[in-house]
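Encoded as structure tokens, the structure appears first; notes follow it.
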Amino acid sequence: MKKRQSPPSIHTAGVGIIYLVLTLLSVAAVISALTVGSADISLSRVLAAFTGEDKTARVIVVGLRLPRLAGAALAGAALATAGQLLQAVTDNELCAPNIIGVNSGSGLAVMLVLCLFPMYWQLLPAAAFVGALAASFFVLLVSGASPGDQKSSLILAGVALSSILGAGISFLSLKYPDVLSSYTAFSVGGFSGVTFDELAIPAIMIFVCFILAMIAAPKINLLCLGDEAAGSLGVRVRRLRVFTIVITSGLCAAAVSFAGLLGFVGLIVPHIIRRICGQRLRRILPITALGGALLVVFSDVIVRTILAPGELPAGIIMALIGAPFFLYLLVRRRRHD
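Note that my numbering has the sequence shown beginning at -4, numbered continuously upward.
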């Protein structure tokens, strides 16, 4: 495997500036998510909601908007981190959870649990993890066995698998309309009705997977030298790839279990962060997670306001941004080749 070329990394001071900007954006995102919606609530009423002085505002802010904010942030952070890891371990900038079928694998597993065991919603994260893991290894197996350019084979295998799994999800939604009536936005991704109870297990999964990713980051970075060079430095390449796929499957499963099939977060954010900050994973993973969280939170705020008092799933905004971005990467890659 050829040694991949890394974009120039910014100075440490530049990373500090990025963290400052992201922190300011985080404050703006939190304020927007808690104050803006079908019923706008002033910042003073938001504060009164937390202190318990305004009971009406408390129901809206603490009962509805705060869990939704947490869900959007968790899903964005998880999917962006998963995308960054997938792109690093496959050396493919077009690789993202929704493109290679990981999200769809999780989604089909979640749908099966909802249809067959609707009372056991606690099983959703575990089922999503199994589905994501199976989809990941299937795509890697098929692309590895294909002749020619494995990077292109990976994308083609993922698109084919996503289509098959998507058909399965559509079939279940038609077969069990009563069970899935509240999940009409599942195939797009959204956060309407998310509760803290639903977020508890996924949040733990995301935290554990992120810590494991940070621990493995230096070794994953060595893969940029090529498999042979990384192996000569003591990296067990195949074991590391499997370990990384397990981590990304956990991240995607956690997000899909409550957010649905939210697409393109794992494509857009990792690519932009890597272009700005370089490829040193231990440095860019926290930035990637924060960037993903911000992108999804702001997208959710937008869809809550453009049709107020109605709303659209947050995944629609991600699709409108992500699909053209994916086409741009395809065109740029073809010109480069």
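C-beta: ideal position from N, C-alpha, C; glycine also.
Just the C-alpha distance for residue i and residue j, rounded to the nearest angstrom, thanks.
i, j, result
"threonine 239", "alanine 208", "7 Å"
"leucine 109", "proline 172", "11 Å"
"serine 157", "isoleucine 316", "20 Å"
"alanine 67", "alanine 288", "7 Å"
"alanine 155", "serine 252", "22 Å"
"valine 230", "isoleucine 312", "40 Å"
"leucine 103", "alanine 91", "18 Å"
"glutamate 306", "arginine 233", "45 Å"
"alanine 198", "serine 33", "27 Å"
"aspartate 35", "alanine 28", "10 Å"
"proline 142", "alanine 23", "Reliability fails at proline 142, whose pLDDT of 49 lies under 50, so the model's placement of it is uncertain and the value that follows must be treated cautiously. Rounded to whole angstroms, proline 142 to alanine 23 spans 49 Å at the Cα level."
"serine 227", "leucine 218", "11 Å"
"isoleucine 26", "leucine 81", "32 Å"
"proline 319", "valine 41", "37 Å"
"lysine 50", "alanine 127", "41 Å"
"leucine 15", "proline 113", "44 Å"
"isoleucine 242", "glycine 47", "40 Å"
"glycine 161", "asparagine 216", "33 Å"
"alanine 70", "asparagine 98", "12 Å"
Which of the three DSSP states, helix, strand or coil, is assigned to residue i?
i, result
"leucine 302", "coil"
"proline 62", "helix"
"proline 142", "With a pLDDT of only 49 at proline 142, under 50, the local geometry of the prediction cannot be trusted, and no value is derived from it."
"phenylalanine 259", "coil"
"arginine 231", "coil"
"phenylalanine 181", "coil"
"arginine 275", "coil"
"threonine 283", "helix"
"glutamate 223", "helix"
"cysteine 247", "helix"
"tyrosine 323", "helix"
"alanine 318", "helix"
"aspartate 192", "helix"
Here's the rule I'm using: 16 or more other beta-carbon atoms within 10 Å means buried, otherwise exposed. How should residue i be labelled?
i, result
"proline 213", "exposed"
"alanine 83", "buried"
"arginine 299", "buried"
"serine 244", "buried"
"isoleucine 164", "buried"
"serine 37", "exposed"
"phenylalanine 191", "exposed"
Between which residues of its own chain and residue i is the CB-CB distance below 6 Å, once the five residues before and five after are set aside?
i, result
"glutamine 268", "Looking at the sequence itself, residue 268 is isoleucine, so the reference to glutamine does not match. Correct list, in chain order: Ile279, Ile282, Thr283, Gly286."
"isoleucine 95", "Val134, Gly153"
"serine 138", "Gln145, Ser148, Leu149, Ala152"
Can you give me the Cβ contacts of residue i inside the same chain, cut-off strictly under 7 Å, excluding the 5 residues immediately before and after it?
i, result
"alanine 129", "Gly100"
"arginine 277", "Met209, Ala212, Pro213"
"phenylalanine 205", "Thr76, Ala284"
"valine 189", "Pro62, Arg63, Gly66, Phe253"
"isoleucine 88", "The sequence shown places glutamate at residue 88, not isoleucine. The answer, listed in chain order, is Gln82, His266, Leu324."
In chain order, what residues of the same chain have a beta carbon less than 8 Å from the beta carbon of residue i, not counting five sequence neighbours either side?
i, result
"phenylalanine 45", "Arg53, Val56, Val57"
"lysine 170", "Cys110"
"valine 203", "Gly245"
"alanine 195", "none"
"proline 308", "Ala180, Val183, Gly184, Gly185, Ser187, Gly255, Val298"
"arginine 60", "Ala28, Leu29, Gly32"
Mind checking whether the beta-carbon of residue i lies closer than 7 Å to any heavy atom of the ligand SAH?
i, result
"valine 54", "With respect to the ligand SAH, the structure offers nothing, as it holds no ligand at all."
Inset, instruction - Entirely within the segment 93 to 164 and at least 4 residues each: give me those alpha helix (DSSP H) ranges in chain order. - result: 97 to 111, 119 to 140
Legend entry - alpha helix (DSSP H) segments (min. 4 residues) lying fully within the segment 10 to 75: 38 to 46, 50 to 55
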